[in-house]
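Q: Residue numbers (the working numbering): 139 to 507. Every residue, glycine too, gets a C-beta built ideally from N, C-alpha and C. Everything numeric in this text was worked out from a predicted model, so none of it was measured. Here's a structure for you.
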């Protein structure tokens, strides 16, 4: 099967990295894969090209770059895919428009519950009938697109996400590499620096922890880049414990950061199925997360949770959750072990690829989920 994967951009971030894993999985399964983006070719696109993939970029500079449709159509006609699989609202819209002109089946996908840009839901709702199905990565997200986009439940396919499976260094090795004391209590965060990630809340919580007796032994690692970096740096300079906080920038080896940590804290206001949470779970480090529906789904049964949920999504609740991990290492370790086993057995690239191909086949056959 010839598959063209299309996404808004191929910069470093959760959705592009997940598309890269899917591309590798499809190629390993014997399919011909091309990967394209609406914007200029980003670093993930460069990595894919270096790995031998057919990669193309439509060169859009903004949402008003209407020439992107013609460039995208030419690129796709050159590749003659059997199916176009798009991800994120801009790519979904462009794929639907071009796919209709080419008479090529399009399957779209959503990666997160969007709360900042409500027009996304309107675009998805207005153009939903121009594709043959919609892929999501959780039951929570399926319910959202059915409700917010008006999707037919029979045309929504839940495909489990894949996680990067790596062999991390030992904790001591990771700490030496990052210049951390071996006996420190280390909290880590990784991702795209964006207001919805609430990294400032994490710094607030860290200030409370560092200001308590024994707090001088705490460390906070922030790994990532993004549009919110300048604001986070200003907040960091205002912290009386700034010397205990490290801004690491973008890390290609985020496993080292997680391996060095006693816990990973993700206090986001909204999330889809975050790669960093899955990667931390796979490594076996305790994860603290906002009580979002998708996090509740990841947490699993209340009597045997895989991660720890913040009580109410506030800085005080985050502080309390971190202190609980610090005070109850055995409980946190048991949850982390359950998480690691679940991710490694249920969320492999191979299983995600098989589920994606089943969705493609059902769409091409005109069948429903």
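#1: Kindly provide the ranges of any beta strand (DSSP E) runs that are 3 or more residues long and lie completely inside the region 422-465, ordered along the chain.
#2: Reducing DSSP to helix, strand and coil, say where residue 362 ends up.
#3: Report buried or exposed for residue 327, applying the criterion of at least 16 other Cβ atoms within 10 angstroms of its Cβ.
#4: Could you check what DSSP says for residue 403 in three-state terms: helix, strand or coil?
#5: Do residue 355 and residue 315 have their CB atoms nearer than 9 angstroms?
#6: So the candidates are 303, 301, 318, 302; which of them puts its Cα closest to the Cα of residue 309?
#7: According to DSSP, which residues form a beta bridge with residue 226?
#8: Which whole-angstrom value is the C-beta distance of residue 431 and residue 473, which I expect to be below 8 angstroms?
#9: Apply the 10 Å Cβ neighbour rule to residue 234 and answer buried if 16 or more other Cβ atoms are within range, or exposed otherwise.
#10: Which same chain residues, not among the five before or five after residue 167, have their C-beta less than 6 angstroms away from its C-beta?
#11: Among the residues of its own chain, which have a CB less than 6 angstroms from the CB of residue 339, if the five just before and after it don't count?
#12: Apart from the five residues on each side of it in sequence, which residues of its chain come closer than 6 angstroms, Cβ to Cβ, to residue 400?
#13: For the region 172-218, which segments carrying the beta strand (DSSP E) assignment without a break, of at least 3 residues, lie completely within its bounds, in sequence order?
#14: Determine the DSSP secondary structure at residue 144, reduced to helix, strand or coil.
#15: I need the DSSP call for residue 276, collapsed to helix, strand or coil.
A: Reading it off the structure:
#1: 425-427
#2: strand
#3: buried
#4: strand
#5: no
#6: 318
#7: DSSP output for residue 226 lists no bridge partner at all.
#8: Going by Cβ atoms, the distance from residue 431 to residue 473 rounds to 19 angstroms, so no, they are not a contact pair.
#9: buried
#10: 491
#11: 405, 453
#12: 323, 324
#13: 192-195
#14: strand
#15: coil
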